[in-house]
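Visitor: I'd like to ask you about the structure that follows.
Right under this line is the structure:
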C-alpha cells in the first residue's frame, strides 16, 4: 500500500467516477484501475461495488475511506514538519536591507560574518522601503536591516546596529546656514526638497512637520544625490540622515542638527512569526557581539 494509491482511492470516492478521478490525478483510467486493484489485493478487501456505473463504495470501502483520509492527512502533516525541521537546520540566511549599505559600512559587517561563519550561505538583497516589510511578512527574507522607525514592536524583535540622526541640509548661502541648531519653527516657511514618498525618511519628515503644525511647501521629491545638488544651489532645504553626508560630499552645504534631536537608529529586525534557525541565531549573536 502506497500513499499514491491512497490518494487515487480518495480521488475516486470524491469524484464519484474513475474517469473524473483519473483526469484530476493526471493518470490514465486503466492505470488508475490497476492501482486500485493492487490496493484491494493487498488489503484483501473489495472497496468498490463494480455492478454500478458510478464509483460506489462497499461497506469495507466506506470503512477504509475514513482510514485513508487520516493516513493522508498525517502524511501531509509529516511532510510539513520535515520541511520545518529542514528550515530550522539549514545553513542559509537571506537578509534584505535598505539601500544604506555604504553609509553604514554594512558590507564590512556582512564580510566579517562570512569569514567567521563559512558554512552559512549568506544572501543579501537590497530592497526599497515599500517592499521590505511586505517581503518579510511573506517569508521572502529571514531578517531585514532598516531604520527603527519602520517597525511595529508588537510584530518585530529589533537589535540596534548603529545610530544616526535627522538633520537639516541647507545651502551655505542660506540665511540660516550659520546656526548651530534649528527648530521646526525656524524652518516652517522654507521650501522643502524631500526624499521620495515611498521611503521611511519621507514619512518620518511628513509626520514631524505635521506634529509641529507646519503645512510644508514641498517643491520636489527625489533621490539623495539629486536633493543634495538642489540644496547646494539654494533651491530649498532638506531633512536627511546625517550619515548621507559621509557618502555624498558636496560643497556649499551646511548640515545643522535639529532641536529636539530626531534619532534614526538602524536595526536588524526579525519578524516574531519567523522561526529562528541556526543561521538566524548565529547572525543575531554576531551582531550582538560587535555592537555591545
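In our numbering, the protein residues as written are 1 to 292.
Built from N, CA and C at the ideal position, the CB exists for glycine as well.
#1: For residue 50, which three-state DSSP category applies?
#2: How long is the line joining the alpha carbons of residue 47 and residue 33, rounded to whole angstroms?
#3: Which of helix, strand or coil does DSSP assign to residue 150?
#4: Contact between the segment 265 to 277 and the segment 170 to 179 is defined here as three or more beta-carbon pairs at a separation below 8 Å; is this criterion met?
#5: Using alpha carbons as the reference points, say which of 10, 107 and 74 lies closest to residue 161.
#6: Unbroken beta strand (DSSP E) runs of length 3 or more, entirely within the segment 132 to 219: which are they?
#7: By how many angstroms is the C-alpha of residue 6 removed from the C-alpha of residue 12?
#8: How long is the line joining the alpha carbons of residue 126 and residue 140, rounded to whole angstroms?
#9: Is the number of C-beta pairs between the segment 255 to 266 and the segment 280 to 288 that are closer than 8 Å three or more?
#10: Flag this pair as yes or no: are the beta carbons of residue 104 and residue 243 separated by less than 8 Å?
#11: Which value, in whole angstroms, describes the spacing of the CA atoms of residue 294 and residue 130?
#12: On the DSSP bridge assignment, give the partners of residue 271 in chain order.
#13: Mark residue 241 as exposed unless 16 or more other C-beta atoms lie within 10 angstroms of its C-beta, in which case mark it buried.
#14: Which residues does DSSP pair with residue 97 in a beta bridge?
#15: So is the beta-carbon of residue 133 under 7 Å away from any non-hydrogen atom of the ligand SAM?
#16: Closer than 8 Å is the cut-off here; do at least three beta carbon pairs connect the segment 263 to 270 with the segment 135 to 151?
#17: Beta carbon of residue 9, beta carbon of residue 43: below 8 Å?
#18: Measuring only the C-alpha atoms, how far is residue 96 from residue 121?
#19: When burial is assigned at 16 or more other CB atoms within 10 Å of the CB, is residue 112 buried or exposed?
#20: Please classify residue 280 as buried or exposed, where buried requires at least 16 neighbouring CB atoms within 10 angstroms.
#21: Which of the three DSSP states, helix, strand or coil, is assigned to residue 250?
#22: With DSSP run on the structure shown, which of helix, strand or coil describes residue 259?
#23: To the nearest angstrom, report how far apart residue 152 and residue 186 are at their CA atoms.
#24: Which term fits residue 142, buried or exposed, when burial requires 16 or more other beta carbons within 10 angstroms of its beta carbon?
#25: Do residue 202 and residue 128 have their CB atoms nearer than 8 Å?
#26: I'd like the span of the alpha helix (DSSP H) that includes residue 264, first residue to last.
#27: For residue 121, which residues does DSSP report across the bridge?
Guide: The relevant details are as follows:
#1: Residue state, collapsed to three classes: coil.
#2: 12 Å
#3: The answer is helix: DSSP assigns residue 150 an H, G or I state.
#4: no
#5: 107
#6: 143 to 147, 156 to 162, 165 to 171 and 191 to 195, all fully within the segment 132 to 219.
#7: Taken atom to atom, the span from the alpha-carbon of residue 12 to that of residue 6 is near 10 Å.
#8: Computed Cα separation, rounded: 13 Å.
#9: no
#10: yes
#11: Outside the shown range of the chain (1 to 292) lies residue 294, about which nothing can therefore be said.
#12: 156
#13: Residue 241 should be labelled buried.
#14: 126 and 145
#15: The ligand SAM is not part of the structure shown, which contains no ligands of any sort.
#16: yes
#17: No, the Cβ-Cβ distance between residue 9 and residue 43 is not below 8 Å.
#18: Going from the Cα of residue 96 to the Cα of residue 121 covers about 14 Å.
#19: exposed
#20: buried
#21: coil
#22: strand
#23: 31 Å
#24: So residue 142 ends up on the buried side.
#25: no
#26: For residue 264, no alpha helix (DSSP H) segment is defined, and its DSSP state is neither H nor E.
#27: 92
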